[in-house]
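See structure below.
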Amino acid sequence: MFGSTKTYQAFGVSVAYSGLVLVFSLGIGLAFAFATARSGARLTKLLIPSMILIAAIPRLFLAVSWGMIGAPRSGMIASLFRWADLDMPDWLTVYSFGGLVFVTVLKVSAVAFLLLLGPVLQIDRSLEDAAIMSGASRRRAVFKISLPLLTPALLAIALLMFVEGIQIYDFPALLASPAGIETLSTSVEAYLNKEATPQWASATALSLMVIVLIALLLVAQARMMGGRDFTSIVGKSRQPVAVARGTWDWLVSMFILMFIGLALVLPLVQMILGSLQPYFGMYGTYTLSNYASIFSNPKQVMILLQTLATASLGGVVVIALAFTMAYVEKRSSINVLKLFVRIASWVPATAPGIVLSLAFVWTFVTTPGLKALYGSNILMAIALVIAHLPLAIRACEGILAQVSPELEDAARMSAASPATVMLAITARLCAPSLAAAWVLVSLAIAGALDVPLLLQSTNSQTVATFAYSLFNNGEVALAAAFFLTYLALFMMLVGLLYLAVLYFRAVRNQPPISASDAITSR
4 MFGSTKTYQA
14 FGVSVAYSGL
24 VLVFSLGIGL
34 AFAFATARSG
44 ARLTKLLIPS
54 MILIAAIPRL
64 FLAVSWGMIG
74 APRSGMIASL
84 FRWADLDMPD
94 WLTVYSFGGL
104 VFVTVLKVSA
114 VAFLLLLGPV
124 LQIDRSLEDA
134 AIMSGASRRR
144 AVFKISLPLL
154 TPALLAIALL
164 MFVEGIQIYD
174 FPALLASPAG
184 IETLSTSVEA
194 YLNKEATPQW
204 ASATALSLMV
214 IVLIALLLVA
224 QARMMGGRDF
234 TSIVGKSRQP
244 VAVARGTWDW
254 LVSMFILMFI
264 GLALVLPLVQ
274 MILGSLQPYF
284 GMYGTYTLSN
294 YASIFSNPKQ
304 VMILLQTLAT
314 ASLGGVVVIA
324 LAFTMAYVEK
334 RSSINVLKLF
344 VRIASWVPAT
354 APGIVLSLAF
364 VWTFVTTPGL
374 KALYGSNILM
384 AIALVIAHLP
394 LAIRACEGIL
404 AQVSPELEDA
414 ARMSAASPAT
424 VMLAITARLC
434 APSLAAAWVL
444 VSLAIAGALD
454 VPLLLQSTNS
464 QTVATFAYSL
474 FNNGEVALAA
484 AFFLTYLALF
494 MMLVGLLYLA
504 VLYFRAVRNQ
514 PPISASDAIT
524 SR
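Numbering (our numbering), first residue to last: 4 to 525.
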């Protein structure tokens, strides 16, 4: 494996891919974060909800959508060129290294924006004003004062995004592999599924190479951060600065509209149009036959329901574990326990999903008593829960920061137990944010492709693996309909749960009926 040039080519492609995605995504996310904090453009109000939606959409959904948009002969772009009686240029196809980077940047930029928005909003603008009063321009003040204050956040987010780029499997599998471009993650899968006989030894060796690379990056991040932080020291409490409309606000709004259109609106429109086509590429001919085919097939209905149950219950388990681990890490006074939880929360992040699946295969196949679980929904759920814990823990850490420890201290002084403090006070105050995190995690579990790919069987397929197989077999329209059907079912479940919560609150807040009132009503 290490004597093959393909291994080093895959390594170089992965590093170049991750580096380019990091640079473009960090630049776009930072620019939009400053636009939200500083610009008076009207469309900045759309950034936060739009970026949350883009970040929540599964990567496979976006990959399939853009795979349809940029398909060389049957895609939306190719159809527009045919309408103009022109040939689509080869460089416009998304099945290339440039297309891979472009589509990934659309997704990762939203994550970068959400991670950078908080630090950007916390910058004290009075420091820039002081520099301007000393003769500096606003641009110079931003680059010399505000950006250096963001150094810890930028370093942490940059390295996390680079690590994520090394791990990503969905985008390279759908957009790069058809063009003969392999990354480290797709190379691991190729050793197992694309060889005449599975090359377990080569796949394991390459997996260890990926784990070592990611572990080194995480160590580098810890050494560069070193527990340091940059704090703005001011002589009085900071007051919010009113945002004035500027000359270039129209340009900011144009870029916001273009990004939202490319990352959210256009993929969703393409997915809807593609699902209504009898065969992908037949624009102008629409039918509901794909949806009828799904609901007339018991196997496909079962996959939808199993994925809905796995994602929903798995999301609950992930959020419960993540909240507990984040609470221990942030609130516990036992340093050894805090260190153990922090290390445990990062361990799954060192293994890409495809590598984590390989580890589960080895563990469950070689361990007596666990072999029976191989290929089952239980094993699939365990792997998906572990794979999504690191991101959920980071989200819960931010949610916990919104609750002051003083409330917990007051409860302890009233003789409340630690479990009561965590559940009845902190978790209850964090409930709305935890519910939103559950929605995002559940969508991520349902759309994960790398983890279930090696763990699936004929009885434990997920929406992601089934849609992926449909896409590879040329049934693109049916794959689009399958994805949209699941999203509709999931949103119906979320709506029903929300109505149930509203009903429970209404019943709980009703005043009790006394005996005299009951007699009077008769």
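Even glycine gets a Cβ: it sits at the ideal position worked out from N, Cα and C. On a predicted model such as this, the values are computed, not experimentally measured, just so you know.
Nearest-angstrom Cβ-Cβ length linking residue i and residue j, presumed shorter than 8 Å
{"i": "Leu500", "j": "Ala266", "result": "That pair is no contact at about 28 Å."}
{"i": "Leu124", "j": "Ile160", "result": "About 15 Å separates the two Cβ atoms, so there is no contact after all."}
{"i": "Ile402", "j": "Ala440", "result": "7 Å"}
{"i": "Leu158", "j": "Gly102", "result": "About 29 Å separates the two Cβ atoms, so there is no contact after all."}
{"i": "Gln280", "j": "Tyr289", "result": "6 Å"}
{"i": "Ile80", "j": "Leu95", "result": "6 Å"}
{"i": "Cys399", "j": "Ala484", "result": "Actually they do not touch by this definition, with Cβ atoms about 35 Å apart."}
{"i": "Ile259", "j": "Leu49", "result": "6 Å"}
{"i": "Phe84", "j": "Asp93", "result": "Actually they are not in contact, since the Cβ atoms of Phe84 and Asp93 sit about 12 Å apart, beyond 8 Å."}
{"i": "Val358", "j": "Val191", "result": "6 Å"}
{"i": "Pro351", "j": "Leu392", "result": "6 Å"}
{"i": "Ala430", "j": "Phe326", "result": "7 Å"}
{"i": "Tyr98", "j": "Ala182", "result": "5 Å"}
Burial state of residue i (16 or more Cβ within 10 Å)
{"i": "Thr234", "result": "Reliability of the predicted coordinates at Thr234 is poor, the pLDDT of 45 falling under 50, and the value obtained from them is presented with this limitation in mind. Exposed, because fewer than 16 other Cβ atoms sit within 10 Å of the Cβ of Thr234."}
{"i": "Ile135", "result": "exposed"}
{"i": "Ser149", "result": "buried"}
{"i": "Lys239", "result": "Confidence in Lys239 is poor, its pLDDT being 46 and thus under 50, which makes the residue's placement unreliable; the coordinate value appears in the next sentence. Looking at its Cβ environment, which holds fewer than 16 other Cβ atoms inside 10 Å, Lys239 is exposed."}
{"i": "Ile126", "result": "buried"}
{"i": "Thr310", "result": "buried"}
{"i": "Phe64", "result": "buried"}
{"i": "Gly277", "result": "buried"}
{"i": "Ser420", "result": "exposed"}
{"i": "Thr8", "result": "exposed"}
{"i": "Gly78", "result": "buried"}
{"i": "Met54", "result": "buried"}
{"i": "Ile448", "result": "buried"}
{"i": "Phe507", "result": "exposed"}
{"i": "Tyr11", "result": "exposed"}
{"i": "Thr39", "result": "buried"}
{"i": "Thr468", "result": "buried"}
{"i": "Ile306", "result": "buried"}
{"i": "Asn476", "result": "exposed"}
{"i": "Ser299", "result": "exposed"}
{"i": "Val510", "result": "exposed"}
{"i": "Ala413", "result": "exposed"}
{"i": "Thr313", "result": "buried"}
{"i": "Ile236", "result": "Because the pLDDT at Ile236 is just 44, under 50, the model does not fix this residue reliably, and the value given afterwards should be weighed accordingly. Classification for Ile236: exposed."}
{"i": "Arg76", "result": "exposed"}
{"i": "Met494", "result": "exposed"}
Cβ-Cβ distance between residue i and residue j below 7 Å
{"i": "Val18", "j": "Val111", "result": "no"}
{"i": "Thr423", "j": "Ile297", "result": "no"}
{"i": "Ala58", "j": "Val104", "result": "no"}
{"i": "Tyr194", "j": "Ser205", "result": "yes"}
{"i": "Ser42", "j": "Val255", "result": "yes"}
{"i": "Thr107", "j": "Phe37", "result": "no"}
{"i": "Val479", "j": "Phe262", "result": "no"}
{"i": "Thr154", "j": "Val16", "result": "no"}
{"i": "Phe165", "j": "Gly32", "result": "no"}
{"i": "Ser292", "j": "Gly168", "result": "no"}
{"i": "Val331", "j": "Val339", "result": "no"}
{"i": "Ser445", "j": "Gly318", "result": "yes"}
{"i": "Val454", "j": "Ser360", "result": "yes"}
{"i": "Gly498", "j": "Pro61", "result": "no"}
{"i": "Ser543", "j": "Ile396", "result": "Look at the range of the chain in this structure, 4 to 525, and you will see that residue 543 is not part of it."}
{"i": "Ala176", "j": "Thr189", "result": "yes"}
{"i": "Leu490", "j": "Tyr471", "result": "no"}
{"i": "Phe100", "j": "Ile171", "result": "no"}
{"i": "Ala44", "j": "Asp252", "result": "yes"}
{"i": "Leu481", "j": "Leu473", "result": "yes"}
{"i": "Ser82", "j": "Tyr377", "result": "no"}
**Item:** Meets three-Cβ-pair contact criterion under 8 Å: the stretch 372 to 392 and the stretch 455 to 472
**Value:** yes
**Asked** Taking one C-beta from the stretch 462 to 482 and one from the stretch 363 to 374 each time, how about it: are there three or more such pairs within less than 8 Å?
**Response** no
**Message:** Does the structure place the stretch 68 to 75 close enough to the stretch 263 to 277 that three or more beta carbon pairs sit under 8 Å?
**Reply:** yes
**Request:** Flag this pair as touching only if the stretch 429 to 438 and the stretch 321 to 328 have three or more C-beta atom pairs under 8 Å; answer yes or no.
**Result:** yes
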